[in-house]
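Take a look at the structure set out below.
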Amino acid sequence: MIALASDHAGFNYKENTKELLDSLGLAWKDYGTDSTDRVDYPDFAHKASKAILEGECDRGIFICGTGIGISIAANRHKGIRAAACQIEEAAYYTRLHNDSNVLAIGERLVSWEAAERIIKMWLDTDFEGGRHIIRVEKIDLP
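As structure tokens, then:
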């Protein structure tokens with residue numbers, strides 16, 4: 007199950023992401039927002055991050071204007087590794103080397119076509135493990 011979250015600036019891409027995930031046969035749950043009315047991205051990042059940490063969802067796709075604010079809010083949660091990606095290669099390496107469990111995208115920064123490619127790359131890439139395991143384990147502070 008993939009947790010979806012956005013603020014008003016990422017709402018349209020979140021709706022597009024639902025259609026994309028449906029076409030790929032992937033389950034999702036929407037943690038808001040429900041419109042383009044102005045809201046605060048941390049509220050939705052926190053809800054969806056909590057769902058991932060509690061095992062309700064396996065990973066998440068969070069969208070705001072830049073992908074940066076919502077990823078910063080998500081990364082406040084121990085165990086969340088959110089990466090804001092603007093190109094496919096970043097999505098590839100954040101999964102391969104960093105085992106990111108949240109992809110953040112900025113609706114104001116990338117076209118929907120680019121966002122779709124980034125999402126697919128992130129979903130299709132597995133964590134390599136190996137030498138990267140110890141590095142990932144060092145990310146969370148005690």
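Quick note on the numbering used here: the sequence shown kicks off at 7 and runs consecutively.
We put the CB at the ideal spot given by N, CA and C, even for glycine.
Query	Result
Distance between Asn81 and Ile58 (C-alpha atoms, nearest Å)	12 Å
Local conformation of Leu59 per DSSP, three classes	helix
First and last residue of the uninterrupted alpha helix (DSSP H) at Asp105	Looking at the DSSP string, Asp105 is not in any alpha helix (DSSP H), and its letter there is neither H nor E.
CB contact flag (Ile149, Phe68, <8 Å)	Shown here, the chain extends from 7 to 148; a query on residue 149 therefore has no answer.
Length of the line joining the Cα atoms of Gly38 and Leu26	17 Å
heavy atom of the ligand FAD below 7 Å from Gly31 C-beta	The ligand FAD is not part of the structure shown, which contains no ligands of any sort.
Cβ pair count under 8 Å reaching 3, the stretch 90–97 against the stretch 122–135	yes
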